[in-house]
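Everything below concerns the one structure shown next.
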Amino acid sequence: MSIGYACIHLGDNETKFSTIYLKNYSDQKLIEIIEKNLNALDKIIDYNIKNNIKLFRLSSDIIPLASHPINTVPWWDIFEEKFNSLSKKIKNNTIRVTMHPGQYTLINSPKNDVVEKSILDLEYHNRLLKCLKCDYKSKMVLHIGGVYSDKKTAIERFIENFKKLNPEIQKRLIIENDDKSYTIDDVLFISSKINIPVVFDNLHHRLNHSQNNKLNEFELIDLCNKSWKEEDGKQKIHYSQSANNYQNGAHSKTINSQKFVSFYNQLNNKDIDIMLEVKDKNLSAIKCILLTTEDKKIKYLEKEWAKYKYYILSNSQQNYEKIRELLKDKTKFPVKEFYGIIENSLSIELKKKAQINSLNHVWGYYKKFADEKEKKKFFSLLNSYQEDKKTLNSVKNYLFKLSLKYNVEYLLNSLYFYI
DNA sequence: CACCGTCAAGTCGCA
DNA sequence: TGCGACTTGACGGTG
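Each residue of the first sequence is one higher than the one before, counting from 87 in this note's numbering.
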């Protein structure tokens, strides 16, 4: 079983993907951006290896404007060497990569041009996976698409258009229930017709399910399991929690560890891959991996603590002390308590006065290095923030710059500037 | 350098 | 008929 995250990586600015707009398009610029993005991907893969994250969704944005006619750059040739080295890393570390074409990729649209463009987009996704020499266990997840005021016909169109796809794409595609139109019943029905795997998404299911189906989510996961064949690899599901309330499909800031563990336990040790959909991405992936690992060593929690500690300190002195106490006994592995306290700190919205206190606190780390000009600048920014003339982020950004300049490692390696 | 409107693409629901 | 939500961050023009 693997737990993974989607596309974006937190905690390192060099792993950010860049893009290009039509207005400013040039081949040269595009090539530079692709190179930058592949290097970012490389760093993300390294991070995933280091943190034992074996499941990862590649961003569709690695190649900007990938299926747009303006882009005629043969990037698969230009970056062949880079792709080869990436593919080795992925393979040697048995990472399963997947992709998820976006909301505009619709093979069941009644409009021909929409379908044609969608097929081009699917071809792009397949091509990228091929460049990385991924086998057919590397899947592309697709939603069914629109309803177009006639669901039955829209489903038929999906099935008919699927049958016309390139067999390579057919072997990669898996289908997922969505939060508005197609329930898990609909998706299982389509799967029964075209014989491809089904991804169960728990949050979409909660927001959109048929009243007739009395099965609970774990029984449905079992049902979906039957759609996965040997050559498809392990069954994959999407797991997320909603940000605020049951009406909203927006994903939560972080995974609540109690809820996750309860869900996980009800899976009864089934060997399936869980793709997390959550705003804090890799952070929640590591959390969920540690919450469920058999390898219960306190050093993993200590490593996590090193990343979180300055943020927690800036947010809650009390929680900071609690965790220090918690990690004293080196023979234990208090993972649930640990993340419980972290989550508590993350949920605290600091008042301005407390924010200023914590900014002052962080400033303490540079005091020794910073010159008079930098000191002046910091306090002027702080003052502007106090008077609502500047945002909190502008002060934080300045401190981040100082961290880079003076290479204050413990702050650069911490999540203080990223969460 | 901070701020903020805008960005390739589709569909749906609602004013 | 047209616009915001979906979900999202990054680009890049502006002041």
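We put the beta carbon where it would ideally sit given N, CA and C, even for glycine.
Cβ distance (whole Å) where residue i is taken to contact residue j below 8 Å
i      : j      : result
Ile375 : Glu390 : Contact doesn't hold; Cβ gap of about 11 Å is too wide.
Ala336 : Ser328 : 7 Å
Leu96  : Asp366 : 6 Å
Leu214 : Leu141 : Incorrect: roughly 17 Å between the Cβ atoms, too far for contact.
Ile176 : Ile131 : 6 Å
Ile241 : Asp272 : 7 Å
Phe346 : Leu377 : 6 Å
Glu460 : Leu488 : 7 Å
Tyr502 : Val448 : 7 Å
Residue i, DSSP secondary structure in three states
i      : result
Ala92  : strand
Phe464 : helix
Phe503 : coil
Ser62  : Outside the shown range of the chain (87 to 505) lies residue 62, about which nothing can therefore be said.
His229 : strand
His447 : helix
Ile323 : strand
Phe103 : coil
Leu141 : strand
Leu362 : strand
His291 : helix
Val481 : helix
Phe424 : helix
Phe419 : coil
Val45  : Here the chain covers residues 87 to 505 and nothing more, so residue 45 does not appear.
Among the options, nearest to residue i - alpha-carbon criterion
i      : options                        : result
Glu388 : His324, Ser500, Leu413, Val364 : Leu413
Lys129 : Asn368, Glu242, Lys463, Glu458 : Asn368
Trp507 : Asn281, Ser296, Met361, Tyr325 : As displayed, the chain neither begins before 87 nor continues past 505, which places residue 507 out of reach and without an answer.
Ile117 : Asn138, Arg143, Ala152         : Ala152
Ile398 : Phe419, Ile434, Asn299         : Ile434
Phe169 : Ile409, Lys219, Asn198, Lys238 : Lys219
Thr379 : Ile139, Leu96, Ile119          : Ile139
Lys225 : Tyr133, Val284, Gln441, Asn298 : Val284
Asn298 : Glu423, Thr269, Ala456         : Thr269
Asp199 : Leu214, Asn247, Lys454, Lys437 : Asn247
Leu467 : Gly450, Glu202, Ile442, His447 : Ile442
Leu498 : Asp474, Phe464, Tyr451         : Tyr451
Ile505 : Lys482, Leu488, Lys223, Tyr496 : Lys482
Leu251 : Ser296, Glu209, Phe464, Ser173 : Glu209
Ile120 : Tyr133, Ser146, Asn137, Lys136 : Ser146
Lys279 : Arg292, Phe244, Leu289         : Phe244
His290 : Ile323, Ser277, Lys300         : Ile323
Ser171 : Asp236, Lys385, Gln321, Cys217 : Cys217
Ile409 : Lys418, Glu423, Lys416         : Glu423
Tyr506 : Leu353, Asp415, Ser444, Val364 : Residue 506 is absent from the structure shown; the chain starts at 87 and stops at 505.
Lys150 : Lys115, His295, Glu411, Thr105 : One point to set straight first is that residue 150 is Pro, not Lys, in the sequence displayed. It is Thr105.
Leu506 : Ile148, Asn288, Ser173, Glu202 : Because the chain is modelled from 87 through 505, residue 506 falls outside the range shown and cannot be assessed.
Asp415 : Ile384, Lys437, Lys438         : Ile384
His506 : Asp221, Val421, Ile261         : What the structure shows of the chain is the stretch from 87 to 505, and residue 506 is not part of that stretch, so it cannot be assessed.
Pro253 : Asp381, Lys463, Asn212, Glu303 : Asn212
Phe286 : Gln189, Asn446, Tyr325, Val201 : Tyr325
Leu293 : Glu305, Ile276, Ser277, Asn263 : Asn263
Lys437 : Val364, Tyr471, Ile148         : Tyr471
Residue i Cβ short of 7 Å to the ligand NAD heavy atom set
i      : result
Glu305 : Although the ligand NAD was asked about, the structure shown includes no ligands whatsoever.
Do the stretch 256-271 and the stretch 170-181 make contact, defined as three or more Cβ pairs closer than 8 Å? The answer is no - the stretch 170-181 does not touch the stretch 256-271, with fewer than three Cβ pairs under 8 Å.
Is the stretch 332-349 touching the stretch 417-429 in the sense that three or more CB pairs, one from each, lie closer than 8 Å? Output reads yes: the stretch 332-349 touches the stretch 417-429.
Hey, is the stretch 184-200 in contact with the stretch 217-233, meaning 3+ C-beta pairs nearer than 8 Å? At 8 Å Cβ cutoff, the stretches touch.
Which runs of the alpha helix (DSSP H) fall wholly inside the stretch 144-215 and span at least 4 residues, in chain order? Runs of alpha helix (DSSP H) with 4 or more residues, each lying fully within the stretch 144-215, are found at 161-164, 166-178, listed in chain order.
Could you tell me whether the stretch 149-163 touches the stretch 99-111, using the rule of 3 or more Cβ pairs below 8 Å?
Taking 8 Å as the limit for Cβ pairs, the verdict is that the stretch 99-111 does touch the stretch 149-163.
Which parts of the stretch 250-281 are runs of the alpha helix (DSSP H), unbroken and 4 residues or longer, counting only runs that do not cross its ends?
The qualifying runs are 253-258, 270-280.
task: Determine, using beta-carbon pairs with one atom in the stretch 390-403 and one in the stretch 315-330, whether at least three such pairs fall under 8 Å.
output: Because the criterion of three Cβ pairs below 8 Å is not met, the stretch 390-403 and the stretch 315-330 do not touch.
Tell me whether the stretch 91-101 and the stretch 473-481 touch, counting them as touching only if at least three CB pairs, one residue from each stretch, are closer than 8 Å. Contact fails: fewer than three Cβ-Cβ distances are below 8 Å.
ask   = Is there contact between the stretch 97-105 and the stretch 125-144, where contact requires at least three CB pairs shorter than 8 Å?
value = Counting Cβ pairs under 8 Å, three or more are found: they touch.
Mind the definition here: the stretch 295-314 touches the stretch 345-359 only if three or more C-beta pairs lie below 8 Å; say whether that holds. Contact holds: three or more Cβ-Cβ distances are below 8 Å.
Count the C-beta pairs between the stretch 488-502 and the stretch 448-466 that are closer than 8 Å, then say yes if the count reaches three, no if not.
Touching, yes.
- Query: Could you give the uninterrupted runs of the beta strand (DSSP E) lying entirely in the stretch 340-420, keeping only those of 3 residues or more?
  - Reply: Whole beta strand (DSSP E) segments, 3+ residues: 359-362.
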